[in-house]
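These notes are about the structure you will find just below.
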Amino acid sequence: MAKNSNEIFEAIIERVKVLDPVNSRSWFNTLKLKNFNGGQLEIACPDNQSAGFLQDVCISSFTLAAQQITGHLVTVKFGSENKNERTSRSAIPLKLHPDYTFDNFVVGPCNRLAHASCIAVSNSPGKTYNPLFIYGTVGLGKTHLLHAICRETQINKPSAKIQFISCDEFVNRFINAIEAGTLPQFKNQFRTVDLLVIDDVQFLRERDQSQEEFFHTFNALYANRSQIVLSADAPPGEIPTLPERLTSRFKCGLVARIDPPTHETRVAIVQKKAKLRGMKITDDAAEYIASKVKANIREIEGALTTLYALVGGSEQEITREFSRFALGDKDNIDKNITITDIIKAVTTYYDVRPADLQSKKRSQSITMPRQVCMYLARNLTSHSLEEIGGHLGGRDHTTVMHACGKIGELQQADTKIQAQLAELTKRITK
Ligand code: ADP
Ligand code: MG
Numbered sequence: 000m001a002k003n004s005n006e007i008f009e010a011i012i013e014r015v016k017v018l019d020p021v022n023s024r025s026w027f028n029t030l031k032l033k034n035f036n037g038g039q040l041e042i043a044c045p046d047n048q049s050a051g052f053l054q055d056v057c058i059s060s061f062t063l064a065a066q067q068i069t070g071h072l073v074t075v076k077f078g079s080e081n082k083n084e085r086t087s088r089s090a091i092p093l094k095l096h097p098d099y100t101f102d103n104f105v106v107g108p109c110n111r112l113a114h115a116s117c118i119a120v121s122n123s124p125g126k127t128y129n130p131l132f133i134y135g136t137v138g139l140g141k142t143h144l145l146h147a148i149c150r151e152t153q154i155n156k157p158s159a160k161i162q163f164i165s166c167d168e169f170v171n172r173f174i175n176a177i178e179a180g181t182l183p184q185f186k187n188q189f190r191t192v193d194l195l196v197i198d199d200v201q202f203l204r205e206r207d208q209s210q211e212e213f214f215h216t217f218n219a220l221y222a223n224r225s226q227i228v229l230s231a232d233a234p235p236g237e238i239p240t241l242p243e244r245l246t247s248r249f250k251c252g253l254v255a256r257i258d259p260p261t262h263e264t265r266v267a268i269v270q271k272k273a274k275l276r277g278m279k280i281t282d283d284a285a286e287y288i289a290s291k292v293k294a295n296i297r298e299i300e301g302a303l304t305t306l307y308a309l310v311g312g313s314e315q316e317i318t319r320e321f322s323r324f325a326l327g328d329k330d331n332i333d334k335n336i337t338i339t340d341i342i343k344a345v346t347t348y349y350d351v352r353p354a355d356l357q358s359k360k361r362s363q364s365i366t367m368p369r370q371v372c373m374y375l376a377r378n379l380t381s382h383s384l385e386e387i388g389g390h391l392g393g394r395d396h397t398t399v400m401h402a403c404g405k406i407g408e409l410q411q412a413d414t415k416i417q418a419q420l421a422e423l424t425k426r427i428t429k
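Numbering (numbering that gives the first Met the number 0), first residue to last: 0 to 429.
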């Protein structure tokens with residue numbers, strides 16, 4: 000039966016979820032097909048920021064998905080649906096991650112002050128805390144908050160000139176400006192903004208010309224009452240590469256620390272992140288994931304990506320048991336389990352030959368052990384999907400991903416399969 004364009008488009012979105020478990024989000028379902036003819040697929044996004052994000056980060060998965068679904072080469076283009084949107088006034092395009100909003104930030108005792116000060120700054124830039132200095136160790140949400148400030152300021156004050164930049168990029172652009180002889184433009188670009196946000200200032204180089212430039216930029220903006228927001232991995236006085244004259248300026252506004260989240264906050268973060276991906280996850284499972292991942296919240300994203308990939312981007316409910324099976328035994332990776340070990344255990348258990356698993360045979364008695372192999376290899380080794388497919392008769396990574404999703408699903412619904420997988424895991428890891 001021939002499919003119409005909208006059906007094809009839906010199938011492409013579903014395929015992206017399988018191909019790109021890291022970046023897929025539930026808002027992808029709100030993307031609209033704008034135009035599809037010949038080899039061009041135009042997709043309408045809610046705003047410029049999301050269109051920019053998809054163009055920068057997801058273009059290859061969309062292109063591949065479109066190619067797989069239609070069977071021919073397709074060029075994908077993203078555009079904003081919102082015609083009234085202003086384009087950014089700053090010289091460097093403002094690239095904000097769609098996830099990093101205040102709405103998506105979970106507030107707890109560990110980050111309450113930092114969060115409140117960021118909100119205050121975006122409501123009245125330059126007037127409350129200037130500069131605002133946020134610090135904390137890696138993965139505690141500094142970059143997330145800085146993006147949220149930019150986004151909120153853009154909404155509150157569309158005419159504001161906003162510049163977000165990592166410290167590394169500041170230094171690189173400075174060096175390039177010197178080489179290209181465009182220093183005046185560089186100075187102008189940074190000294191005329193309403194809001195300057197610089198991430199990870201611990202990377203400012205010691206006694207470097209770029210540090211000197213940064214010092215003057217800071218002074219110019221401060222004198223202008225333009226808002227400055229900075230982040231670092233330590234408080235101003237404890238960054239060894241920064242001179243006193245800079246750190247004393249950093250301290251004159253508000254310095255807010257972010258601490259590692261408590262268990263309750265971590266659970267809430269897991270739930271929030273799962274929701275963003277359109278994943279259904281039980282409270283029990285969220286508790287389990289929060290207890291596995293303690294120090295760095297980035298690992299929560301990693302754990303959710305694994306689970307998302309295993310259910311193939313579907314809305315299948317993720318239970319504690321399933322999470323424990325998928326994430327709990329990662330310690331086994333240290334035991335140097337090989338795919339050969341897994342193939343051996345599986346073929347013995349189901350009484351099939353390794354050659355059958357690698358063959359093209361598609362009878363249920365072969366397919367099922369083959370898929371179990373893929374699933375176990377995914378969970379008990381650190382091999383990529385491609386490598387696993389390679390060991391099982393040169394199958395491609397989508398086949399492996401599909402198998403993992405299928406067995407993951409069975410594992411939840413079928414107690415017999417559950418017992419088989421548990422037994423196999425025991426044999427392989429002993
Ligand atoms: P940092 O810049 O401090 O190293 P990031 O801002 O990159 O950390 O955060 C790492 C990940 O953790 C991001 O995915 C971010 O969304 C998430 N994260 C951190 N804190 C929170 C929070 N309180 N609520 C929701 N997500 C958070
Ligand atoms: Mg960061």
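Every residue gets a Cβ at the ideal spot worked out from N, C-alpha and C, and that includes glycine. Just so you know, these numbers come straight off a predicted model, no measurement behind them.
Neighbour-count burial assignment, N436, 16 or more Cβ in a 10 Å radius: Here the chain comprises residues numbered 0 to 429, so residue 436 is not present and cannot be evaluated.
Beta-carbon gap between K279 and E314 smaller than 9 Å: yes
N- and C-terminal bounds of the alpha helix (DSSP H) containing G51: N47 to F52
Alpha helix (DSSP H) runs contained entirely in the stretch 66-147, provided each spans 4 or more residues: 111-122
Own chain residues within Cβ distance below 7 Å of V266, not counting five before or after: A285, E286 and A289
D167: CB within 8 Å of a non-hydrogen atom of the ligand MG: no
8 Å CB neighbourhood of D283 in its chain, flanking five on each side removed: T318 and R319
Own chain, CB closer than 7 Å to T305, minus 5 neighbours either side, in chain order: A325 and L326
First through last residue of the alpha helix (DSSP H) which encompasses R276: Looking at the DSSP string, R276 is not in any alpha helix (DSSP H), and its letter there is neither H nor E.
Contact test: V137 Cβ vs the ligand MG heavy atom, cutoff 8 Å: yes
Where the alpha helix (DSSP H) containing E386 begins and where it ends: L384 to H390
Runs of beta strand (DSSP E) lying entirely within the stretch 237-274, each at least 3 residues, in chain order: 253-256
Cα-Cα separation, E6 to W26: 18 Å
Inter-residue spacing [alpha-carbon to alpha-carbon] between P92 and E408: 43 Å
Reduced DSSP category for L30 - H, G, I as helix; E, B as strand; rest coil: coil
Sequence-distant residues of the same chain with beta carbon closer than 7 Å to P108, five excluded per side: T261
Per-residue DSSP class, three states only, for E205: coil
Minimum Cβ-Cβ distance from D98 to chain B less than 9 Å: The structure shown contains no chain B; it is built from a single protein chain.
A10 (DSSP reduced to helix, strand or coil): helix
Among P130, K94 and P183, the one whose alpha carbon lies nearest that of L229: P130
Close-in-space but distant-in-sequence residues of the same chain around I118 (CB under 7 Å, 5 per side omitted): F101
Spatial distance of A273 from V196 (CA atoms): 29 Å
Residues of its chain near R24, where Cβ-Cβ distance is below 8 Å and the 5 sequence neighbours each way are ignored: P97, D98, L275, R276 and G277
beta-carbon D198 near the ligand ADP non-hydrogen atom, thresh 8 Å: yes
Proximal residues to S383 (C-beta, below 8 Å), its chain only, five neighbours per side dropped: H396
Cross-strand partners of V228 (DSSP beta bridge): L131 and V196
First and last residue of the uninterrupted beta strand (DSSP E) at I161: I161 to S165
The stretch 179-186 in contact with the stretch 146-157 per 3-pair CB rule at 8 Å: no
Coil, strand or helix - E211 by DSSP: helix
Distance cut-off 8 Å: N22 Cβ against heavy atoms of the ligand ADP: no
Rounded separation between R111 and P259 - CA only: 12 Å
Limits of the alpha helix (DSSP H) - the one that I342 falls within: I338 to Y349
Burial state of A294 (16 or more Cβ within 10 Å): exposed
Which of helix, strand or coil DSSP assigns to E314: coil
The stretch 338-357 in contact with the stretch 35-55 per 3-pair CB rule at 8 Å: no
Which of helix, strand or coil DSSP assigns to I42: strand
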